[in-house]
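Residue numbers for the sequence shown follow my numbering, beginning at 2 and rising by one.
Have a look at the structure below, then the notes.
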Amino acid sequence: MKLKYLGTAAYEGFPGLFCECEACKQAEREGGKNIRTRTSMLINEDTLMDFSPDAYLHKLKYNLNLAAIRYFVITHSHSDHFNPWDLVARCEGNYAHFDEANKGSTVHVYGNDKVEAYLDQVVQVEFGGNQNFIDYHRVTPFETYEAGKLKVTPLLAQHQTDEQSLIYLIEEEGKVLLYGNDTGIFPEETFEYLKNIKLDVISLDCTHGTRHKGGYGHLGLESCVEIKERLLEMGSATQQTTFILTHFSHNGGLCHEALEEKAIPHGFIISYDGMELTV
């Protein structure tokens, strides 16, 4: 299973779109890994975790063939994680023209009821409610779905009160990724489900950095350590499990190198835009 972090920032981007804070000024001066776009992950060549408003930039920066994406796995309806206005640009004939391999193809979107409603609203505006290129799968927490070669299991997140936000287990050929953002400390039902799972890679929300603990809605480094210790204690993670932090906000106050100084002693990798690994 090939993973590529396309974007690693929270909603505002890093540096923030309109921001003049010291962290954003430093990111602008130093560039490189300090420049973060809105969060998304590419798995293999055909699956996107969340559909970022920066997807067009990701296409250009990484030479992505987005026409080859067949599966969009969406955590929740917030605009930094799901952008249906760009997804409808996949409409063949109107906005896109495909090579033989992709002609007539449909895409599969997995998500909750609010994601579905948001998509339906956009389809109504663009096409009067009719389209034939998106199959929507409204998922149920703790049930497993097939997305091509991947097995996808939504788990309950703890992110907001007006929507059932999700995190996901992604499995291929016995290797398991926990895609853990956006969320605070996991609900007990999620910890209970994970007792029976052996995790190879755990990617966690670290929106708050070290500015405060986090734990409700989003995580900070301290609450990421808390989750790591609990997963190790449960046996869901081992010393061979790779722990990665992502979804950083400028409000956390730390650029890439400073985040590494704080996180590496706790056994975390700090992700950056374009980072790749194979599980």
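Quick reminder that beta carbons are idealized off the backbone N, C-alpha and C, glycines included.
Residue environment for Cys22: exposed (fewer than 16 other C-beta atoms within 10 angstroms of its C-beta). Between Ala11 and His77, the C-beta spacing is not below 9 angstroms.
Taking all protein chains shown into account, Lys3 has fewer than 16 neighbouring C-beta atoms within 10 Å of its C-beta and is therefore exposed. When DSSP states are grouped into helix, strand and coil, Lys150 belongs to the coil group. By the 16-neighbour rule on beta-carbons within 10 angstroms, Glu144 is exposed. Bridge partners of Thr243 according to DSSP: Val202. DSSP, read as helix, strand or coil, puts Asp121 in helix. From the listed residues Gly268, Thr141, Leu255, the smallest Cα separation to Phe244 is found for Gly268. If you look at Ile36, you'll find it isn't in any beta strand (DSSP E); DSSP assigns it neither H nor E. Of the other Cβ atoms in all chains shown, fewer than 16 fall within 10 Å of the Cβ of Leu61; this residue is therefore exposed. If you look at Lys263, you'll find it in the alpha helix (DSSP H) that goes 257-264. Relative to the Cα of Tyr119, the nearest Cα in the group His82, Asp201, Val108, Tyr96 belongs to His82. When Glu147, Glu172, Asn66 are compared, the shortest CA-CA separation from Asp201 is found for Glu172.
One thing to note: Arg139 has its Cβ no nearer than 9 angstroms to the Cβ of Ser106. In this chain, the alpha helix (DSSP H) harbouring Leu195 covers 189-195. Taking a contact to require three or more Cβ pairs closer than 8 angstroms, the segment 181-190 and the segment 201-218 qualify as touching. Distance between Glu277 and Arg37, taken at the CA atoms: about 15 angstroms. Under the DSSP definition of a beta bridge, Met276 lacks any partner. It is roughly 28 angstroms from the alpha-carbon of Arg91 to the alpha-carbon of Tyr273.
Straight across, the Cα-Cα distance linking Gly32 with Glu258 is about 12 angstroms. Assignment of beta-bridge partners to Phe15 by DSSP yields Arg37. Put simply, the backbone Cα of Thr247 is about 11 angstroms away from that of Cys225. Excluding the 5 residues flanking it on each side, Gly221 has same chain C-beta neighbours closer than 8 angstroms at Cys207, Thr208, His209, Gly210, Thr211, Arg212, His213, Lys214, Gly215, Gly253, in chain order. In the assembly as shown, Arg30 is an exposed residue. Its beta-carbon has fewer than 16 other beta-carbons within 10 Å.
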